[in-house]
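Position 59 (the sequence shown) corresponds to 1308 in the working numbering; numbering is contiguous.
The C-beta atom is built at its ideal place from N, Cα and C for all residues, glycine as well.
Because the structure is a prediction, the values reported are computed rather than measured.
This report concerns only the one structure given below.
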Amino acid sequence: MMKEATENLIQKAYLQLKNMIFYQRISPGQKLIYRELAVVLGMSSTPVQLALCKLEQEGFVERIPNIGYYVRRIDIREIEDLFDLRQILEVYAIEQAIQNQTPEDLEILHQMMLSHKNHDIQIYDRKKLLLDAEFHWQIAAMSKNQAILRQLRSIFEHSYLRSRVELLPPDRLLVTAAQHAAIYEMIREHKTARAKKAIATHIREAKEAKLMMLSRERSDQ
């Protein structure tokens, strides 16, 4: 019973810390002092330390010996690697999604497309990124491939959590919504070759936008 309670606290600390990274309450490059975090989270330092170990294993934080933990900055190579892998996975996933789609799946995808489009903003925010991820996540879910879902979850977390979203090029807002609508129609109409090409282009352009964001982030430092 005591072990279960401890594991629950570790998981709670892990999720809260990840949420703090996502909402920039702790920023890339920031030193993480576990005693201070324990006070913020309202728990002892032990589950916080163990949660930081888990985040280190997943690549969200790094530990420098004799110095401490820091939130890992995302770099150009990592962005390129993440988006290149994402493109491979999503091109395959959309082919499978078209083959396996049901009317219920398609309706969920349609609603996610509209939710993303209707979140009308002038500058990127966290909600817009989450809605974007949900649209892509639904396509992956329609593929019925659990391995792809697990891989994409990790990719989305790393590319979205460790980003200053307000620095993403605002012209992507309208472009992304239009591309989502086109991709949805291609899936609905079973246009597999066009859908694979469209989603590959969509992800390549998203990578370019993310690299531009990183360039702007570095110029602000």
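Looking at the DSSP output, Arg1312 bridges to Tyr1318. If you ignore the 5 residues before and after Ala1342, its C-beta comes within less than 7 Å of the C-beta of Ile1388, Ala1389, Ser1392, Asn1394 and Ile1397, all in its own chain and listed in chain order. The alpha-carbon separation between Arg1312 and Tyr1318 amounts to approximately 4 Å. Exclusion of the five residues before and after His1368 leaves Lys1376, Lys1377 and Leu1380 as the residues of its chain whose Cβ lies within less than 8 Å of its Cβ. Residue burial annotation: Glu1339 is buried, with at least 16 other C-beta atoms found within 10 angstroms of its C-beta. In chain order, Phe1384, Gln1387, Ile1388, Met1391, Tyr1433 and Ile1436 place their CB closer than 8 Å to the CB of Leu1358, counting only its own chain and leaving out the 5 sequence neighbours on each side. Nearest to Asp1420 by C-alpha distance, out of His1439, Glu1454 and Ser1403, is Glu1454. Annotation for Ala1300: Ile1259, Ala1262, Tyr1263 and Leu1266 place their beta carbon closer than 6 Å to its own, counting only its chain and skipping 5 residues before and after.
Using a 10 angstroms sphere on the CB of Leu1423, the tally of other CB atoms stays under 16, which defines it as exposed. For Ile1347, the CB contacts under 6 Å within the same chain, skipping 5 residues up- and downstream, are Ile1436, His1439 and Thr1441 in chain order. When the Cα atoms are used, Glu1356 and Gln1400 turn out to be separated by approximately 24 Å.
Counting only residues of its own chain and dropping the five nearest sequence neighbours on each side, Gln1336 has a CB closer than 6 Å to the CB of Ala1449 and Ile1452.
Around Lys1366, the same chain offers Ala1426, His1429 and Ala1430 as residues with beta carbons nearer than 8 Å, after the five sequence neighbours per side are excluded. With fewer than 16 other Cβ atoms inside 10 Å of its own Cβ, Tyr1272 counts as exposed.
In this structure, Arg1321 lies away from Pro1352, with their beta-carbon atoms at least 8 Å apart. Per the coordinates, the alpha-carbon of Cys1302 lies some 36 Å from the alpha-carbon of Ser1364.
Under the three-state reduction of DSSP, Lys1459 is assigned to helix. The beta carbons of Ser1412 and Ile1323 sit about 7 Å from each other, so the pair counts as a contact at 8 Å.
Excluding five sequence positions before and after Met1269, the CB atoms of its chain that fall closer than 7 Å to its own CB belong to Ile1275, given in chain order. Cβ-Cβ separation between Leu1416 and Glu1466: approximately 6 Å, consistent with a contact (criterion under 8 Å).
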